[in-house]
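Residue numbers (this note's numbering), protein chains in the order written: chain U, 1 to 288; chain Y, 1001 to 1249; chain E, 2001 to 2307. Think of the CB as a built atom: it goes at the ideal place given N, C-alpha and C, for glycine as much as any other residue. These numbers come from a predicted model, not from an experiment.
Right, here's the structure in full:
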């Protein structure tokens, strides 16, 4: 494989894994609560800014990687309990609208605290240089993103497939009513899933920081690719989230290189095609 | 009756996974006939209705309505050919008044419904039919009440009324007296008996008194298959029917 | 009924007289409210009457806006200012609607979103359409031989068009067609079973709403003298949704109240504090949580559709 192509593939993989971390929470939330949480991108943004702050105070990227997602998870849990829980009885529309309002709230809070201009997040020193991999020159940080993303994918898979908590989550995703009937405290699980999803989005934001920097509208703009990933991969499916992210990651990266005039359109066309011909996505469960 | 049947089902089968909910059912209903389908719960009666109305596609078999094959047509197309159906569980327009419920049904033939300007009041035919139907089902005094605010018995009456208001050739009624008190049941039975013979009836019923009053012929369904068919007396006397249905009740 | 007609006449008169008393900035705000009000009203027809929640209504707004911008530069005139953009938006709605109506619920929301984003992507990256910066220097057409370049004349022109459209939409909801839409919203399955070709009605509603949205977009271009890809953004659709909800879904007139609330909040609050987005977002969150009937719905003590 020619070096340039390989470098692009790696870039696409790195972006794909970022999308994966962001979208896996969204897909679990959608699968379980039937809520398209439009504010999900905001957690990504909060993660980036939280990471920025931790690095500014403590000077340590790894600390940020640990603390920021936890902070975002707490925010996510708080939002779920206060704003979303009263809306479960009402249709998905109210939830969509409320989370849309939350986008405005979060974006402005961030602007108020950190200011509106772009803030860059320094790459950790150990990854400051580029690496030559079979002729392709790629920043070593991107390789870290790929490795980290892969590790998280495995860890999440273990969590969902091999632990009791994971079984409960899967049950909730599959059929919330039945789970409640079997004595599982569904509302607590919902809050947990929400916190997990938000935390993962925040983690994605921290990791994306050195690549994308931090700016208030970043939440709203990353939401659409995340939504597309969830639709393409299948709602509620971890496998689907991974597959979808990698596909969209490559599509967007190569689209920018090969079809610069139409790169953005491609992913929307993919989304529309899936919704029309296979609405359950690549790996989602078949619909009614 | 030598004329072609109004409704003919030819070896109709519908599978759900490994189970055949309806299994090779062949049935003919003549015009002006009143046919009642009976059978224990799970016999496939409602599934059969769903196949006839086009809500479900058959796995194999044919449905012929008025001499024209309608297998595979969408529900609204089949309804347009003169078939109407009431549901086992009420399917009304709860936030609209009774008159509007019936008017929507009566206006379903599409004439005038595409008018973007103009008033509903200026389409006299559906309104008139709606009032007639309300009269027929005993809701003439309740025209302005929201459907959701009616009593259960009244809602059942409206449920049948909606199907009636479309002036069908063939009227499918799925357990029209379900959940009704004896007085309400008697009222509904009298109303159905009083319907003009131009409307062919195909009814799913559990209440044997209603069956006795209404049926010209009875078809007994069991595990998705036709067990036997004939007059009510004939069917009542069949020991298999007693075993399968009346005994298991 | 007479009360409503009287109220409408009163509002129109007040709006017409406004430029006589107020300065140019408030008048421009009012004009923006009129444009977004009719845009939101067309969405209310779709949401509140046909029960179809679209997150891609900005697609038609944008089509109308860009068509007007492209055409008015070469051929200014009333037809090109309004009818051609309307036709373009109608065509767009026909195509998008044809596909979108195959799915429902959240999937419909997402598919309409995808389509509008597609248009945004095309406009953003296409040099002919002005790419990121859009198109500027769009002249206002002459109406009946008179120029509408002045504030007062444009105000009259805008008011007449918007009032006519509002009346039209209101008549549609009371028409036989409008009654069918409400039946579909109340119980789609039963309407199918009764013999209504539901998809055809939904598509018609979609095209109707899209056409009016397209005219709103064309008016916006004439208002600003320019157009940008933001017209297609999903957040523009979201804003229209917000306006409908604030005013009250299914109330039609509420859309104008919602547009007024949104635009006034945006401009007034932003002059006092930089945190207008926060206040808007919080207002909205609180509305959804505690007043789902919107302004009009809460005033009427009812939620959602009126019978």
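Cβ-Cβ separation between residue 2055/E and residue 2241/E: approximately 7 Å, consistent with a contact (criterion under 8 Å). Listed by position along chain U, the residues whose Cβ is nearer than 7 Å to that of residue 2068/E form an empty set, because the closest Cβ is around 23 Å away. In the pairwise beta carbon analysis, the stretch 2191-2198 of chain E is classified as not touching the stretch 2042-2049 of chain E: fewer than three pairs are separated by under 8 Å. Not a single CB atom of chain E sits nearer than 7 Å to the CB of residue 257/U. Secondary structure note for residue 2019/E: its alpha helix (DSSP H) is the uninterrupted segment 2002-2021. Annotation: Cβ neighbours of residue 1108/Y in chain E (cutoff 7 Å, chain order): 2194, 2195, 2196. For residue 2188/E, the nearest beta carbon of chain Y is not closer than 7 Å to its own beta carbon. Pairing residue 2238/E with residue 100/U gives a Cβ-Cβ distance under 7 Å. Listed by position along chain Y, the residues whose Cβ is nearer than 7 Å to that of residue 2177/E are 1113, 1114, 1115, 1116.
Here the C-alpha atom of residue 2073/E lies approximately 44 Å from the C-alpha atom of residue 9/U. Closer than 8 Å at the C-beta level to chain U, one finds these residues of the stretch 2078-2106 of chain E: 2099, 2102, 2103, 2105, 2106.
Using a C-beta cut-off of 8 Å, the stretch 2253-2260 of chain E makes no contact with the stretch 2056-2067 of chain E, since fewer than three inter-stretch Cβ pairs fall below that distance. Excluding sequence positions up to five before and after residue 1119/Y, its CB lies less than 7 Å from no other CB in the same chain.
In this structure, the alpha-carbon of residue 2173/E lies about 28 Å from that of residue 1168/Y. When 2290/E, 2261/E, 2215/E, 2182/E are compared, the shortest CA-CA separation from residue 1097/Y is found for 2182/E.
Taking a 10 Å sphere around the C-beta of residue 2141/E, we find 16 or more other C-beta atoms and assign the residue as buried. Residue 1230/Y carries a strand assignment under DSSP once its states are collapsed to helix, strand and coil. Under the three-state reduction of DSSP, residue 1083/Y is assigned to strand. Counting along the chain, residue 154/U sits inside the alpha helix (DSSP H) bounded by residues 140-162. Collapsing the DSSP output to three states places residue 224/U in a helix. A straight line joining the alpha-carbon of residue 2269/E with that of residue 29/U spans about 34 Å. Residue pairing by DSSP leaves residue 185/U without any beta bridge partner. Between residue 12/U and residue 6/U, the alpha-carbon positions lie close to 10 Å from each other.
Residue 1216/Y is not a Cβ neighbour of residue 1049/Y, given a cutoff of 7 Å. At a cut-off of 7 Å, the C-beta of residue 2171/E has a neighbouring C-beta in chain Y. Shortest Cα-Cα distance from residue 187/U to any of 47/U, 88/U, 164/U involves 88/U. In this structure, residue 21/U and residue 203/U form a Cβ contact; the two beta carbons are roughly 6 Å apart against a cut-off of 8 Å.
At least 7 Å separates the beta-carbon of residue 2112/E from that of residue 2085/E. For the stretch 62-77 of chain U, there are no residues whose beta carbon sits under 7 Å from a beta carbon of chain E. Nearest CB-CB separation between residue 2183/E and chain Y: below the 7 Å threshold. DSSP places residue 2182/E within a helical segment (H, G or I) once states are collapsed to three.
A straight line joining the alpha-carbon of residue 2021/E with that of residue 2014/E spans about 10 Å.
Residue contact with chain U for residue 2004/E: absent (no Cβ-Cβ distance below 7 Å to any residue of chain U).
Chain-ordered, the chain U residues with CB closer than 9 Å to the CB of residue 2121/E read 262, 263, 264, 265, 266, 267, 268. If the five residues before and after residue 65/U are omitted, its C-beta is found closer than 8 Å to the C-beta atoms of 51, 203, 206, 207, all from its own chain and listed in chain order. Annotation: Cβ neighbours of residue 2125/E in chain U (cutoff 9 Å, chain order): 260, 261, 262, 263, 264, 265.
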